[in-house]
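Visitor:
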Amino acid sequence: MAQFRQQLANLTSSGGSHRDLAEKYRAILDSILTFGEDELVEGLKAFIEAIVNENVSLVISRQLLSEVGSTLVQLEDSVSKAVSHFTLEVVQPRVISFEDQVGAIRQHLADIYEREQNWCQAAKVLVGIPLETGQKQYSVDYKLETYLKIARLYLEDEDPVQGEAYINRAAQLQTQTKNDDLQIIYKVCQGRVLDYKRKFIEAASRYNELSYKTAIHDSERITALKNATICTILAAAGQQRSRMLATLYKDERCQQLSCFNILEKMYLDRLIKRTELTEFETLLQAHQKALTADGSTILEHAVIEHNLLAASKLYNNITFEGLGALLEIAPNKAERIASRMITEERMQGHIDQIDSVVHFETRQMLDTWDKQIQSLCFQVNSVIDKITTKEPEWLNKTMEAQMVS
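So the sequence shown is numbered by the numbering used here: it starts at 2 and just counts up by one.
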(Lines of atoms letter the chains of each structure in order from A and count residues from 1; the text may use other names and numbers.)
(Lines give C-alpha, C1' and ligand atoms only; values in the text may rest on other atoms or scores of the structure.)
Protein backbone atom coordinates (compact mmCIF):
# COMPACT_ATOMS: atom_id res chain seq x y z
CA MET A 1 0.00 0.00 0.00
CA ALA A 2 2.88 2.37 0.81
CA GLN A 3 4.17 1.78 -2.71
CA PHE A 4 0.88 2.97 -4.25
CA ARG A 5 0.76 6.01 -1.97
CA GLN A 6 4.25 6.96 -3.13
CA GLN A 7 3.29 6.49 -6.79
CA LEU A 8 0.23 8.70 -6.30
CA ALA A 9 2.30 11.36 -4.55
CA ASN A 10 4.82 11.32 -7.40
CA LEU A 11 2.07 11.69 -10.00
CA THR A 12 0.58 14.65 -8.12
CA SER A 13 3.84 16.58 -8.41
CA SER A 14 4.85 15.37 -11.88
CA GLY A 15 4.19 17.10 -15.19
CA GLY A 16 2.97 15.75 -18.51
CA SER A 17 -0.14 15.90 -20.66
CA HIS A 18 -3.60 15.32 -19.19
CA ARG A 19 -3.99 12.15 -21.22
CA ASP A 20 -0.70 10.66 -20.00
CA LEU A 21 -1.40 11.51 -16.35
CA ALA A 22 -4.92 10.11 -16.57
CA GLU A 23 -3.58 6.83 -18.01
CA LYS A 24 -1.03 6.53 -15.21
CA TYR A 25 -3.74 7.12 -12.59
CA ARG A 26 -5.94 4.49 -14.28
CA ALA A 27 -3.10 1.97 -14.15
CA ILE A 28 -2.81 2.50 -10.39
CA LEU A 29 -6.61 2.23 -9.99
CA ASP A 30 -6.65 -1.07 -11.91
CA SER A 31 -3.95 -2.42 -9.59
CA ILE A 32 -5.87 -1.33 -6.47
CA LEU A 33 -9.03 -3.07 -7.70
CA THR A 34 -7.23 -6.43 -7.51
CA PHE A 35 -6.89 -6.16 -3.69
CA GLY A 36 -8.97 -7.97 -1.06
CA GLU A 37 -11.77 -6.15 0.77
CA ASP A 38 -9.79 -4.39 3.56
CA GLU A 39 -6.87 -3.38 1.35
CA LEU A 40 -9.30 -2.41 -1.42
CA VAL A 41 -11.07 0.09 0.84
CA GLU A 42 -7.80 1.65 1.98
CA GLY A 43 -6.42 1.67 -1.54
CA LEU A 44 -9.48 3.41 -3.00
CA LYS A 45 -9.44 5.97 -0.18
CA ALA A 46 -5.80 6.78 -0.91
CA PHE A 47 -6.53 7.01 -4.64
CA ILE A 48 -9.54 9.33 -4.16
CA GLU A 49 -7.63 11.52 -1.71
CA ALA A 50 -4.86 11.89 -4.29
CA ILE A 51 -7.03 12.72 -7.32
CA VAL A 52 -9.13 15.41 -5.56
CA ASN A 53 -5.97 17.19 -4.42
CA GLU A 54 -5.89 20.84 -5.53
CA ASN A 55 -2.61 20.23 -7.33
CA VAL A 56 -4.33 17.82 -9.73
CA SER A 57 -6.05 19.40 -12.75
CA LEU A 58 -9.85 19.55 -12.40
CA VAL A 59 -10.19 18.00 -15.85
CA ILE A 60 -8.34 14.89 -14.65
CA SER A 61 -9.94 14.90 -11.18
CA ARG A 62 -13.51 15.00 -12.51
CA GLN A 63 -12.85 12.35 -15.13
CA LEU A 64 -11.20 9.94 -12.69
CA LEU A 65 -13.77 10.54 -9.92
CA SER A 66 -16.55 9.76 -12.41
CA GLU A 67 -14.78 6.50 -13.25
CA VAL A 68 -14.41 5.67 -9.53
CA GLY A 69 -18.14 6.35 -9.13
CA SER A 70 -18.92 3.89 -11.93
CA THR A 71 -16.57 1.33 -10.34
CA LEU A 72 -18.28 1.63 -6.93
CA VAL A 73 -21.55 0.33 -8.42
CA GLN A 74 -19.80 -2.94 -9.29
CA LEU A 75 -18.23 -3.51 -5.84
CA GLU A 76 -19.64 -5.17 -2.72
CA ASP A 77 -22.04 -2.90 -0.82
CA SER A 78 -19.87 -2.89 2.31
CA VAL A 79 -16.82 -1.67 0.33
CA SER A 80 -18.83 0.74 -1.77
CA LYS A 81 -20.54 2.27 1.26
CA ALA A 82 -17.29 2.90 3.15
CA VAL A 83 -15.57 4.42 0.12
CA SER A 84 -18.63 6.54 -0.81
CA HIS A 85 -18.81 8.09 2.67
CA PHE A 86 -15.07 8.80 2.60
CA THR A 87 -15.35 10.39 -0.85
CA LEU A 88 -18.20 12.71 0.18
CA GLU A 89 -16.23 13.77 3.23
CA VAL A 90 -12.98 14.46 1.32
CA VAL A 91 -14.71 16.26 -1.54
CA GLN A 92 -16.92 18.44 0.70
CA PRO A 93 -14.55 21.50 0.78
CA ARG A 94 -14.57 21.53 -3.06
CA VAL A 95 -18.07 20.12 -3.63
CA ILE A 96 -18.97 22.85 -6.15
CA SER A 97 -16.20 21.57 -8.43
CA PHE A 98 -17.53 17.98 -8.35
CA GLU A 99 -21.34 18.38 -8.39
CA ASP A 100 -21.94 15.72 -11.09
CA GLN A 101 -19.70 13.17 -9.38
CA VAL A 102 -21.10 13.85 -5.89
CA GLY A 103 -24.67 13.55 -7.21
CA ALA A 104 -23.94 10.16 -8.78
CA ILE A 105 -22.18 8.85 -5.64
CA ARG A 106 -25.07 10.03 -3.42
CA GLN A 107 -27.61 8.32 -5.69
CA HIS A 108 -25.60 5.08 -5.48
CA LEU A 109 -25.17 5.34 -1.69
CA ALA A 110 -28.93 5.92 -1.30
CA ASP A 111 -29.56 2.74 -3.35
CA ILE A 112 -27.36 0.78 -0.91
CA TYR A 113 -29.26 2.09 2.12
CA GLU A 114 -32.54 1.37 0.35
CA ARG A 115 -31.49 -2.26 -0.20
CA GLU A 116 -30.73 -2.40 3.54
CA GLN A 117 -34.21 -0.91 4.17
CA ASN A 118 -32.58 2.00 6.01
CA TRP A 119 -35.12 4.40 4.48
CA CYS A 120 -34.31 7.45 6.61
CA GLN A 121 -30.55 7.33 5.94
CA ALA A 122 -31.17 6.83 2.22
CA ALA A 123 -33.38 9.93 2.16
CA LYS A 124 -30.82 12.01 4.08
CA VAL A 125 -28.09 11.04 1.60
CA LEU A 126 -30.22 12.26 -1.32
CA VAL A 127 -31.15 15.48 0.48
CA GLY A 128 -27.42 16.35 0.33
CA ILE A 129 -27.60 16.78 -3.47
CA PRO A 130 -27.67 20.58 -4.03
CA LEU A 131 -30.58 20.59 -6.50
CA GLU A 132 -31.46 24.24 -5.96
CA THR A 133 -28.34 25.79 -4.42
CA GLY A 134 -25.55 24.40 -6.59
CA GLN A 135 -24.02 25.95 -9.70
CA LYS A 136 -25.10 23.07 -11.94
CA GLN A 137 -28.44 23.43 -13.71
CA TYR A 138 -30.24 20.13 -13.19
CA SER A 139 -33.01 19.05 -15.56
CA VAL A 140 -36.64 19.20 -14.42
CA ASP A 141 -36.96 15.40 -14.65
CA TYR A 142 -33.81 14.80 -12.57
CA LYS A 143 -34.96 17.16 -9.81
CA LEU A 144 -38.51 15.79 -9.87
CA GLU A 145 -37.30 12.17 -9.76
CA THR A 146 -34.96 12.94 -6.83
CA TYR A 147 -37.61 14.82 -4.83
CA LEU A 148 -40.11 12.00 -5.40
CA LYS A 149 -37.54 9.40 -4.34
CA ILE A 150 -36.82 11.36 -1.13
CA ALA A 151 -40.56 11.65 -0.45
CA ARG A 152 -41.09 7.92 -1.05
CA LEU A 153 -38.21 7.00 1.28
CA TYR A 154 -39.55 9.21 4.07
CA LEU A 155 -43.01 7.66 3.62
CA GLU A 156 -41.47 4.17 3.85
CA ASP A 157 -39.87 5.37 7.09
CA GLU A 158 -43.38 6.46 8.24
CA ASP A 159 -42.42 10.12 8.36
CA PRO A 160 -45.31 11.77 6.45
CA VAL A 161 -44.29 15.29 7.52
CA GLN A 162 -40.94 15.14 5.71
CA GLY A 163 -42.58 13.15 2.91
CA GLU A 164 -45.15 15.89 2.34
CA ALA A 165 -42.44 18.59 2.36
CA TYR A 166 -40.71 16.96 -0.62
CA ILE A 167 -44.02 16.18 -2.37
CA ASN A 168 -44.76 19.92 -2.19
CA ARG A 169 -41.40 20.63 -3.85
CA ALA A 170 -42.20 18.05 -6.52
CA ALA A 171 -45.63 19.62 -7.09
CA GLN A 172 -43.97 22.74 -8.51
CA LEU A 173 -42.11 20.61 -11.08
CA GLN A 174 -44.61 17.91 -12.06
CA THR A 175 -46.57 20.30 -14.29
CA GLN A 176 -43.39 20.90 -16.32
CA THR A 177 -42.59 17.28 -17.15
CA LYS A 178 -43.93 15.05 -19.93
CA ASN A 179 -42.59 11.89 -18.29
CA ASP A 180 -45.63 9.69 -17.58
CA ASP A 181 -43.73 7.46 -15.16
CA LEU A 182 -42.81 10.44 -12.95
CA GLN A 183 -46.42 11.66 -13.07
CA ILE A 184 -47.59 8.26 -11.84
CA ILE A 185 -45.00 8.16 -9.03
CA TYR A 186 -46.10 11.68 -8.03
CA LYS A 187 -49.75 10.59 -7.76
CA VAL A 188 -48.75 7.48 -5.75
CA CYS A 189 -46.76 9.58 -3.26
CA GLN A 190 -49.51 12.19 -3.10
CA GLY A 191 -52.08 9.48 -2.36
CA ARG A 192 -49.90 8.03 0.41
CA VAL A 193 -49.38 11.45 2.02
CA LEU A 194 -53.15 12.07 2.02
CA ASP A 195 -53.63 8.57 3.43
CA TYR A 196 -51.18 9.29 6.29
CA LYS A 197 -52.92 12.62 6.99
CA ARG A 198 -56.27 10.77 7.24
CA LYS A 199 -57.70 12.64 4.27
CA PHE A 200 -59.12 9.34 3.16
CA ILE A 201 -61.56 10.49 0.47
CA GLU A 202 -58.89 12.53 -1.31
CA ALA A 203 -56.47 9.59 -1.02
CA ALA A 204 -59.12 7.18 -2.36
CA SER A 205 -59.67 9.47 -5.35
CA ARG A 206 -55.91 9.44 -6.18
CA TYR A 207 -55.67 5.65 -5.76
CA ASN A 208 -58.76 5.07 -7.88
CA GLU A 209 -57.37 7.29 -10.63
CA LEU A 210 -54.13 5.25 -10.57
CA SER A 211 -56.06 1.99 -10.88
CA TYR A 212 -57.06 3.01 -14.43
CA LYS A 213 -53.53 3.87 -15.62
CA THR A 214 -52.65 1.35 -18.34
CA ALA A 215 -48.94 2.16 -17.93
CA ILE A 216 -49.03 0.42 -14.54
CA HIS A 217 -48.77 -3.38 -14.20
CA ASP A 218 -52.11 -5.13 -13.61
CA SER A 219 -51.15 -6.27 -10.10
CA GLU A 220 -50.21 -2.72 -9.11
CA ARG A 221 -53.50 -1.40 -10.51
CA ILE A 222 -55.41 -3.89 -8.36
CA THR A 223 -53.32 -2.79 -5.34
CA ALA A 224 -54.24 0.83 -6.08
CA LEU A 225 -57.91 -0.18 -6.32
CA LYS A 226 -57.66 -2.05 -3.00
CA ASN A 227 -56.09 1.03 -1.37
CA ALA A 228 -58.90 3.18 -2.78
CA THR A 229 -61.47 0.81 -1.29
CA ILE A 230 -59.77 0.71 2.12
CA CYS A 231 -59.49 4.51 2.28
CA THR A 232 -63.16 4.90 1.27
CA ILE A 233 -64.27 2.51 4.02
CA LEU A 234 -62.15 4.42 6.57
CA ALA A 235 -63.49 7.83 5.47
CA ALA A 236 -66.02 9.82 7.48
CA ALA A 237 -69.64 9.13 6.49
CA GLY A 238 -71.21 11.72 4.21
CA GLN A 239 -72.04 12.58 0.59
CA GLN A 240 -68.43 12.47 -0.64
CA ARG A 241 -67.92 8.98 0.70
CA SER A 242 -71.30 7.87 -0.69
CA ARG A 243 -70.25 9.00 -4.18
CA MET A 244 -66.93 7.15 -3.91
CA LEU A 245 -68.68 4.03 -2.57
CA ALA A 246 -70.98 4.10 -5.61
CA THR A 247 -68.03 4.49 -8.00
CA LEU A 248 -66.16 1.56 -6.48
CA TYR A 249 -69.21 -0.70 -6.07
CA LYS A 250 -70.01 -0.33 -9.78
CA ASP A 251 -66.41 -1.21 -10.69
CA GLU A 252 -66.50 -4.96 -11.49
CA ARG A 253 -62.84 -5.33 -10.49
CA CYS A 254 -63.76 -4.67 -6.85
CA GLN A 255 -65.67 -7.94 -6.65
CA GLN A 256 -62.37 -9.87 -6.55
CA LEU A 257 -61.13 -7.89 -3.52
CA SER A 258 -61.26 -9.49 -0.08
CA CYS A 259 -62.83 -6.32 1.35
CA PHE A 260 -65.72 -6.28 -1.16
CA ASN A 261 -68.26 -7.58 1.40
CA ILE A 262 -67.66 -4.53 3.64
CA LEU A 263 -67.78 -2.21 0.60
CA GLU A 264 -71.08 -3.76 -0.48
CA LYS A 265 -72.70 -3.39 2.93
CA MET A 266 -71.62 0.24 3.16
CA TYR A 267 -72.93 1.02 -0.33
CA LEU A 268 -76.26 -0.69 0.37
CA ASP A 269 -76.56 1.06 3.78
CA ARG A 270 -76.59 -2.21 5.71
CA LEU A 271 -75.57 -2.43 9.35
CA ILE A 272 -72.09 -3.86 9.95
CA LYS A 273 -71.30 -5.80 13.12
CA ARG A 274 -67.94 -5.49 14.82
CA THR A 275 -67.29 -9.23 14.40
CA GLU A 276 -67.41 -8.79 10.61
CA LEU A 277 -64.39 -6.46 10.66
CA THR A 278 -61.77 -9.00 11.78
CA GLU A 279 -60.63 -9.96 8.28
CA PHE A 280 -60.69 -6.38 7.03
CA GLU A 281 -58.48 -5.20 9.92
CA THR A 282 -55.65 -7.42 8.64
CA LEU A 283 -55.51 -5.30 5.44
CA LEU A 284 -54.82 -2.07 7.32
CA GLN A 285 -51.40 -0.44 7.55
CA ALA A 286 -49.94 0.65 10.89
CA HIS A 287 -50.99 4.33 10.56
CA GLN A 288 -54.54 3.25 9.66
CA LYS A 289 -54.84 1.44 13.00
CA ALA A 290 -54.26 4.61 15.04
CA LEU A 291 -56.69 5.63 17.78
CA THR A 292 -58.97 8.65 17.44
CA ALA A 293 -59.65 11.24 20.17
CA ASP A 294 -62.48 9.19 21.70
CA GLY A 295 -60.30 6.07 22.08
CA SER A 296 -61.75 4.09 19.16
CA THR A 297 -59.74 3.06 16.10
CA ILE A 298 -60.19 4.85 12.77
CA LEU A 299 -62.03 1.79 11.41
CA GLU A 300 -64.36 1.52 14.43
CA HIS A 301 -65.14 5.24 14.18
CA ALA A 302 -65.91 4.98 10.45
CA VAL A 303 -68.16 1.93 10.94
CA ILE A 304 -70.03 3.58 13.83
CA GLU A 305 -70.77 6.62 11.64
CA HIS A 306 -71.83 4.34 8.77
CA ASN A 307 -74.13 2.32 11.03
CA LEU A 308 -75.65 5.53 12.37
CA LEU A 309 -76.34 6.69 8.82
CA ALA A 310 -77.77 3.25 7.98
CA ALA A 311 -80.00 3.42 11.10
CA SER A 312 -81.36 6.77 9.94
CA LYS A 313 -82.74 4.98 6.83
CA LEU A 314 -84.39 2.26 8.96
CA TYR A 315 -85.87 4.25 11.85
CA ASN A 316 -87.90 7.42 12.19
CA ASN A 317 -86.59 7.79 15.73
CA ILE A 318 -84.68 5.79 18.34
CA THR A 319 -83.68 6.24 21.99
CA PHE A 320 -80.07 6.88 22.96
CA GLU A 321 -80.02 3.52 24.72
CA GLY A 322 -81.39 1.70 21.69
CA LEU A 323 -78.99 3.51 19.38
CA GLY A 324 -76.05 2.64 21.65
CA ALA A 325 -77.06 -1.05 21.59
CA LEU A 326 -77.40 -0.95 17.80
CA LEU A 327 -73.98 0.68 17.34
CA GLU A 328 -72.36 -1.47 20.09
CA ILE A 329 -71.23 1.63 22.02
CA ALA A 330 -72.29 3.56 25.15
CA PRO A 331 -75.55 5.61 24.82
CA ASN A 332 -73.81 8.94 25.63
CA LYS A 333 -71.21 8.27 22.93
CA ALA A 334 -73.97 7.43 20.43
CA GLU A 335 -75.68 10.75 21.27
CA ARG A 336 -72.41 12.67 20.86
CA ILE A 337 -71.65 11.16 17.43
CA ALA A 338 -75.23 11.67 16.21
CA SER A 339 -75.11 15.29 17.38
CA ARG A 340 -71.87 15.96 15.52
CA MET A 341 -73.07 14.36 12.28
CA ILE A 342 -76.30 16.39 12.37
CA THR A 343 -74.37 19.58 13.11
CA GLU A 344 -71.97 18.92 10.21
CA GLU A 345 -75.02 18.22 7.97
CA ARG A 346 -73.79 14.72 7.19
CA MET A 347 -77.08 13.36 8.54
CA GLN A 348 -80.60 14.85 8.64
CA GLY A 349 -82.38 14.90 11.99
CA HIS A 350 -82.64 16.44 15.43
CA ILE A 351 -82.11 15.36 19.03
CA ASP A 352 -84.64 15.52 21.87
CA GLN A 353 -82.45 15.49 24.97
CA ILE A 354 -85.40 15.60 27.37
CA ASP A 355 -86.80 12.30 26.09
CA SER A 356 -83.33 11.02 25.10
CA VAL A 357 -84.43 10.35 21.53
CA VAL A 358 -82.85 10.94 18.13
CA HIS A 359 -85.36 11.84 15.39
CA PHE A 360 -84.25 11.12 11.83
CA GLU A 361 -85.47 13.09 8.82
CA THR A 362 -85.37 11.61 5.33
CA ARG A 363 -84.77 13.82 2.35
CA GLN A 364 -87.55 13.64 -0.20
CA MET A 365 -85.19 13.14 -3.12
CA LEU A 366 -87.92 12.70 -5.77
CA ASP A 367 -89.73 15.84 -4.65
CA THR A 368 -86.48 17.77 -4.77
CA TRP A 369 -85.69 16.37 -8.23
CA ASP A 370 -89.17 17.29 -9.49
CA LYS A 371 -88.81 20.83 -8.19
CA GLN A 372 -85.40 21.18 -9.90
CA ILE A 373 -86.84 19.98 -13.23
CA GLN A 374 -89.83 22.29 -12.82
CA SER A 375 -87.49 25.22 -12.13
CA LEU A 376 -85.43 24.40 -15.23
CA CYS A 377 -88.53 24.25 -17.43
CA PHE A 378 -89.70 27.64 -16.14
CA GLN A 379 -86.29 29.13 -16.94
CA VAL A 380 -86.30 27.64 -20.47
CA ASN A 381 -89.79 29.03 -21.10
CA SER A 382 -88.67 32.42 -19.83
CA VAL A 383 -85.73 32.44 -22.28
CA ILE A 384 -88.02 31.45 -25.19
CA ASP A 385 -90.46 34.24 -24.28
CA LYS A 386 -87.63 36.80 -24.34
CA ILE A 387 -86.39 35.50 -27.72
CA THR A 388 -89.97 35.71 -29.09
CA THR A 389 -90.13 39.35 -28.05
CA LYS A 390 -86.71 40.33 -29.43
CA GLU A 391 -86.21 38.05 -32.47
CA PRO A 392 -89.54 36.51 -33.52
CA GLU A 393 -88.46 35.90 -37.17
CA TRP A 394 -85.25 34.07 -36.15
CA LEU A 395 -87.23 31.91 -33.70
CA ASN A 396 -89.83 30.94 -36.34
CA LYS A 397 -87.11 30.00 -38.87
CA THR A 398 -85.26 27.95 -36.24
CA MET A 399 -88.44 26.12 -35.19
CA GLU A 400 -89.33 25.34 -38.81
CA ALA A 401 -85.79 24.05 -39.46
CA GLN A 402 -86.04 21.80 -36.37
CA MET A 403 -89.37 20.36 -37.57
CA VAL A 404 -88.05 19.69 -41.08
CA SER A 405 -84.94 17.89 -39.78
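Beta carbons: idealized from backbone N, C-alpha and C, even for Gly.
All values derive from a computational prediction rather than experimental measurement.
Give the straight-line distance between the Cα atoms of A47 and Q8, rounded to the nearest whole angstrom.
Guide: The residue given as residue 47 occupies position 46 in the sequence shown. The residue given as residue 8 occupies position 7 in the sequence shown. So the alpha carbons of these two residues sit roughly 11 Å apart.
Visitor: Are the C-beta atoms of Q136 and some chain D residue less than 7 Å apart?
Guide: Of the chains in the structure shown, none is chain D; there is only one protein chain.
Visitor: In the DSSP assignment, the beta strand (DSSP E) including N318 goes from what residue to what residue?
Guide: Residue mapping note: residue 318 aligns to position 317 of the sequence shown, counting from 1. Segment 318-320, the beta strand (DSSP E) holding N318.
Visitor: Could you give the distance in angstroms between the alpha-carbon of Q380 and the alpha-carbon of S212?
Guide: By one-based count along the sequence shown, residue 380 stands at place 379. By one-based count along the sequence shown, residue 212 stands at place 211. The straight-line gap separating the alpha-carbon atoms of Q380 and S212 is approximately 41 Å.
Visitor: Along the chain, which unbroken stretches of the alpha helix (DSSP H) at least 4 residues long are found entirely within the region 58-103?
Guide: 59-73, 78-92
Visitor: Which residues in the same chain have their Cβ closer than 7 Å to the Cβ of S1, if we skip the five residues on either side of it in sequence?
Guide: Since the displayed the chain opens at 2 and closes at 406, residue 1 lies outside it and no answer follows.
Visitor: So, do the region 290-301 and the region 261-272 have three or more beta carbon pairs nearer to each other than 8 Å?
Guide: With the cut-off at 8 Å, the region 290-301 and the region 261-272 do not touch.
Visitor: Taking the continuous alpha helix (DSSP H) assigned at I352, which residues delimit it?
Guide: Taking the sequence shown and counting its residues from 1, one reaches residue 352 at position 351. Per DSSP, I352 belongs to no alpha helix (DSSP H); it is in the beta strand (DSSP E), 350-353.
Visitor: On the CB-based measure, 16 or more other CB atoms within 10 Å of its CB, does W395 come out buried or exposed?
Guide: As a first step, residue 395 must be located in the sequence shown, where it is residue number 394. That one is exposed.
Visitor: Rounded to whole angstroms, what's the CA-CA distance from L310 to A171? Just pull it up for me.
Guide: Counting from 1 along the sequence shown, the entry for residue 310 is found at position 309. Counting from 1 along the sequence shown, the entry for residue 171 is found at position 170. Rounded to whole angstroms, L310 to A171 spans 39 Å at the Cα level.
Visitor: Spatial neighbours of E157 within its chain, please: C-beta separation below 6 Å, excluding the five flanking residues on both sides.
Guide: Sequence index remark: in the sequence shown, residue 157 carries index 156 (1-based). So the list reads W120, once near-sequence residues are dropped.
Visitor: By DSSP, does L328 sit in helix, in strand, or in coil?
Guide: Within the sequence shown, residue 328 is the residue found at index 327, counting from 1. Looking at L328 - three-state DSSP - the assignment turns out to be helix.
Visitor: Just reading off the alpha helix (DSSP H) that F361 is part of, what are its end residues?
Guide: Counted from its first residue, the sequence shown places residue 361 at position 360. It is not in any alpha helix (DSSP H) - F361 instead sits in the beta strand (DSSP E) that spans 358-361.
Visitor: For A123, which residues from the same chain have a beta carbon less than 6 Å from its beta carbon, with the 5 sequence-adjacent residues on both sides left out?
Guide: In the sequence shown, residue 123 corresponds to position 122, counting from 1. Short of 6 Å from the beta carbon of A123, and not among the five residues preceding or following it, lie these beta carbons of its own chain, in chain order: A111, Y114, E115, L154.
Visitor: Is G325 near A335, with beta carbons less than 7 Å apart?
Guide: By 1-based counting over the sequence shown, the position of residue 325 is 324. By 1-based counting over the sequence shown, the position of residue 335 is 334. For G325 and A335, yes; Cβs fall inside 7 Å.
Visitor: Do you know whose CA, among A23, G44, D39, lies nearest I33's CA?
Guide: Along the sequence shown, read from residue 1 onward, the residue named residue 33 stands at position 32. The shortest C-alpha separation from I33 is found at G44.
Visitor: Between the Cα of V126 and the Cα atoms of S140, N262, I106, L145, which residue gives the shortest distance?
Guide: Along the sequence shown, one-based indexing puts residue 126 at 125. Residue I106 is the option with its Cα nearest to V126.
Visitor: Mind checking which residues open and close the alpha helix (DSSP H) that includes T248?
Guide: Locating residue 248 in the sequence shown gives position 247, counting from the first residue. Unbroken alpha helix (DSSP H) run through T248: 240-250.
Visitor: Give me, in chain order, the residues of the same chain whose beta-carbon lies closer than 7 Å to that of I338; leave out the 5 immediate sequence neighbours on both sides.
Guide: Locating residue 338 in the sequence shown gives position 337, where the first residue counts as 1. Closer than 7 Å at the Cβ level, and outside the excluded window around I338, lie I305, E306, L309.
Visitor: Using 10 angstroms around the beta-carbon of G164, count the other beta-carbons present and answer buried if the total reaches 16, otherwise exposed.
Guide: What you label residue 164 is simply residue 163 of the sequence shown in a count that begins at 1. So G164 counts as buried.
Visitor: For a test of the three-state rule: what should DSSP assign to T35, helix, strand or coil?
Guide: Along the sequence shown, read from residue 1 onward, the residue named residue 35 stands at position 34. Correct three-state label for T35: coil.
Visitor: In this structure, does DSSP put L1 in helix, strand or coil?
Guide: Residue numbering for the chain in the displayed model covers 2 to 406; residue 1 lies beyond these limits and cannot be assessed.
Visitor: Between the region 197-210 and the region 172-180, can you find at least three pairs of beta-carbon atoms closer than 8 Å?
Guide: no
Visitor: If you draw a straight line from the C-alpha of E362 to the C-alpha of Q354, how long is it?
Guide: Position 361 of the sequence shown, counted from the start, is the residue given in the question as residue 362. Position 353 of the sequence shown, counted from the start, is the residue given in the question as residue 354. So the alpha carbons of these two residues sit roughly 17 Å apart.
Visitor: Looking only at DSSP bridge pairs, what is T390 linked to?
Guide: As a working mapping, residue 390 is identified with position 389 in the sequence shown. DSSP lists no partner for T390.
Visitor: Since I believe F281 is in contact with C260 (beta carbons under 8 Å), could you give me their beta-carbon distance rounded to a whole number of angstroms?
Guide: Counted from its first residue, the sequence shown places residue 260 at position 259. Counted from its first residue, the sequence shown places residue 281 at position 280. Right, the Cβ-Cβ distance comes to about 5 Å (below 8 Å), so this counts as a contact.
Visitor: My understanding is that A247 touches E159, with C-beta atoms under 8 Å, so please give their C-beta distance in whole angstroms.
Guide: Position 246 of the sequence shown, counted from the start, is the residue given in the question as residue 247. Position 158 of the sequence shown, counted from the start, is the residue given in the question as residue 159. Contact flag wrong, Cβ pair sits at about 32 Å.
Visitor: Take the Cβ of Q191 as the centre, count every other Cβ of all protein chains shown within 10 Å, and call the residue buried at 16 or more, exposed below.
Guide: As a working note, residue 191 is residue 190 in the sequence shown. Counting C-beta atoms within 10 angstroms of its own C-beta, Q191 has 16 or more neighbours from the protein chains shown and is therefore classed as buried.
Visitor: If I measure Cβ to Cβ from E133 and keep anything under 6 Å in the same chain, skipping five residues before and after, which residues do I get?
Guide: As a working note, residue 133 is residue 132 in the sequence shown. Non-local beta-carbon contacts of E133 in its own chain, meaning distances under 6 Å to residues more than five positions away in sequence, are absent.
Visitor: Please report how far the alpha carbon of I273 lies from the alpha carbon of A237, in whole angstroms.
Guide: Along the sequence shown, read from residue 1 onward, the residue named residue 273 stands at position 272. Along the sequence shown, read from residue 1 onward, the residue named residue 237 stands at position 236. Whole-angstrom Cα-Cα distance: 15 Å.
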